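J.: Protein sequence lines correspond, in order, to chains E and C.
Counting from 4, one number per residue, gives the positions in the first sequence under our numbering.
Counting from 4, one number per residue, gives the positions in the second sequence under our numbering.
Cβ atoms here follow ideal geometry from the backbone N, Cα and C, with glycine treated the same way.
These numbers were taken from a predicted model, which means no experiment stands behind them.
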Amino acid sequence: KAGVTQTPRYLIKTRGQQVTLSCSPISGHRSVSWYQQTPGQGLQFLFEYFSETQRNKGNFPGRFSGRQFSNSRSEMNVSTLELGDSALYLCASSRNRDFGNEQFFGPGTRLTVL
Amino acid sequence: KQEVTQIPAALSVPEGENLVLNCSFTDSAIYNLQWFRQDPGKGLTSLLLIQSSQREQTSGRLNASLDKSSGRSTLYIAASQPGDSATYLCAVRPKNTDKLIFGTGTRLQVFP
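1) In terms of DSSP beta bridges, what is Ile29 of chain E paired with?
2) If we call anything under 8 Å between Cβ atoms a contact, is Thr48 of chain C one with Gly45 of chain E?
3) Find out if the Cβ-Cβ distance for the pair Gly103 of chain E, Gln9 of chain E is shorter than 8 Å.
4) Per DSSP, what kind of secondary structure is Leu103 of chain C in: helix, strand or coil?
5) Kindly list the residues whose CB is nearer than 7 Å to the CB of Gln71 of chain E, restricted to its own chain and excluding five residues on each side of it in sequence; keep chain order.
6) Go ahead and pull the three-state DSSP assignment for Pro17 of chain C.
7) Going along chain C in order, which residues have a C-beta closer than 9 Å to the C-beta of Gly111 of chain E?
8) Indicate whether at least one CB of chain C lies closer than 8 Å to the CB of Glu51 of chain E.
9) For Asp101 of chain C, decide whether its Cβ has a neighbour in chain E, counting only Cβ atoms nearer than 8 Å.
10) In its own chain, which residues sit with a C-beta less than 7 Å from the C-beta of Ala81 of chain C, not counting the 5 before and 5 after it?
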């Protein structure tokens, strides 16, 4: 069974641009969460989607948004990029919204903002 | 507010040693605790998941314990190998939330 996949794996953008990252969960998984990882802040929760609805959002500005499609694939978008948005963006999937579920992470997208 | 701490921040040991990584959390109202491994520049690999009603979980050379009342978990690695070198992260899932709260990690180096 294929794991969580994320595309692209690497991105270089300049300040002010926008970017879209994609995540395909494990087949049969319907919950997708996004996390940002930076050396200074560690891993921080961005948002979680289930059944095409955002269920929870972390403490990030409105420039960070996302969506989920009917096939459970998810995208996150960052508009008006800032230098501080440089990070590893990780996507995690779980079977459903049972809070006891194990979370499985993808390889991440490394975003560099110049 | 849930906070997760991992000690030590870094550890360097010779191959073959048994070692213990520590994770502590401030609020015992959790659904579960999960241990992950992260290789440099890569994503997270799930190692063990312990539900709040469980005391420990084992997978191969790894054993994780959970003492929810004291807010502690330990990851025991037996007979360490150079391939175990990575950063180990613990994360708790607080009750009534969709997110994981991560510790800052323990960077482990096992040298031959």
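T.: Taking the geometry as given:
1) Counted from its first residue, the first sequence places residue 29 of chain E at position 26. Beta-bridge annotation (DSSP): Ile29 of chain E is not paired with any residue.
2) As a first step, residue 48 of chain C is located in the second sequence; it is residue number 45 there, counting from the start. As a first step, residue 45 of chain E is located in the first sequence; it is residue number 42 there, counting from the start. Their beta carbons are not under 8 Å apart, which means Thr48 of chain C does not touch Gly45 of chain E by this criterion.
3) The residue labelled residue 103 of chain E in the question sits at position 100 within the first sequence. The residue labelled residue 9 of chain E in the question sits at position 6 within the first sequence. In this structure, Gly103 of chain E keeps its C-beta atom at 8 Å or more from the C-beta atom of Gln9 of chain E.
4) Reading the second sequence from its first residue, position 100 is the one you call residue 103 of chain C. Per DSSP, reduced to three states, the secondary structure at Leu103 of chain C is coil, with no helix or strand assignment.
5) Position 68 of the first sequence holds residue 71 of chain E. Cβ neighbours of Gln71 of chain E beyond the five flanking positions: Val35, Tyr52, Glu55 and Ser77.
6) Numbered from its first residue, the second sequence carries residue 17 of chain C at position 14. DSSP places Pro17 of chain C in strand when its eight states are reduced to three.
7) Looking up residue 111 of chain E in the first sequence gives position 108. Within 9 Å Cβ-Cβ: Gly44, Lys45, Gly46 and Leu47.
8) Numbered from 1 along the first sequence, position 48 holds the residue referred to as residue 51 of chain E. It does; some Cβ of chain C falls within 8 Å.
9) Within the second sequence, numbered from 1, the residue matching residue 101 of chain C stands at position 98. Chain E contact via Cβ: present.
10) Mapped onto the second sequence, residue 81 of chain C falls at position 78. Answer for Ala81 of chain C: Asn21 and Arg64, listed in chain order.
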